[in-house]
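Colleague: There's a structure below that I have some questions on.
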Amino acid sequence: MNEVMKLNARIVAAAAMISLGAVESAASDFLDSKCRDYRHTFGLDKRTVQRPEAPFCATSFGSFDEYSFTSCRAEMEEYRRKVAGFADCLSDESDRATEEFNDAVKSFNRRVGG
1388 MNEVMKLNAR IVAAAAMISL GAVESAASDF LDSKCRDYRH TFGLDKRTVQ RPEAPFCATS
1448 FGSFDEYSFT SCRAEMEEYR RKVAGFADCL SDESDRATEE FNDAVKSFNR RVGG
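Be aware that the sequence shown starts at 1388, since it is given in this note's numbering, and climbs by one per residue.
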């Protein structure tokens, strides 16, 4: 009977860890909402953010006709929106990196003192 109770306790603990992992993942997704559009959805390095690129129409040669001007202006407005969002993302990334550093220092200090 004691072995059954130990097994049940392990199952409950494992379920709690899985649940905690899901909560941490959901919290991480929520915190990362500003950077979501600037991360690759594929690949191994989920910490890397990619800066938005200027629209081709803004850097190409030649003059605008009315249609290309209107179209490029809309692309430039979208680019401005993306750059502002990217700046917010970097600010959040900086805050998170500082928080991770402080947590690591606290953990280090606990190990030194313990």
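Note that beta-carbon positions come from the ideal geometry of N, C-alpha and C, so glycine has one too.
If you're wondering where the values come from, they're calculated on a predicted model, not measured in any experiment.
1. Does the distance from the C-beta atom of Cys1444 to that of Ser1458 stay below 9 Å?
2. Going by beta carbon distance, what residues of the same chain come within less than 7 Å of Lys1493, once the five residues before and after it are set aside?
3. Arg1483 to Ala1491, Cα distance in whole Å?
4. Let me know the secondary structure DSSP gives Arg1498 once reduced to three states.
5. Using only CA atoms, which one of Asn1489, Thr1485, Arg1438 lies nearest to Arg1468?
6. By how many angstroms is the C-alpha of Glu1465 removed from the C-alpha of Phe1488?
7. Opposite Arg1426 in the DSSP bridges: which residues?
Modeller: Reading off the structure:
1. Locating residue 1444 in the sequence shown gives position 57, counting from the first residue. Locating residue 1458 in the sequence shown gives position 71, counting from the first residue. Yes, the pair counts as a contact, with Cβ atoms nearer than the cut-off.
2. Residue mapping note: residue 1493 aligns to position 106 of the sequence shown, counting from 1. None.
3. Against the sequence shown, residue 1483 aligns to sequence position 96. Against the sequence shown, residue 1491 aligns to sequence position 104. One C-alpha to the other measures close to 12 Å.
4. The sequence position of residue 1498 within the sequence shown is 111, counting from 1. If DSSP states are grouped into helix, strand and coil, Arg1498 belongs with the helices.
5. For this step, residue 1468 is matched to residue 81 along the sequence shown. Comparing alpha-carbon positions, the option among Asn1489, Thr1485, Arg1438 lying closest to Arg1468 turns out to be Arg1438.
6. Looking up residue 1488 in the sequence shown gives position 101. Looking up residue 1465 in the sequence shown gives position 78. Here the C-alpha atom of Phe1488 lies approximately 34 Å from the C-alpha atom of Glu1465.
7. The sequence position of residue 1426 within the sequence shown is 39, counting from 1. DSSP lists Val1436 as the bridge partner or partners of Arg1426.
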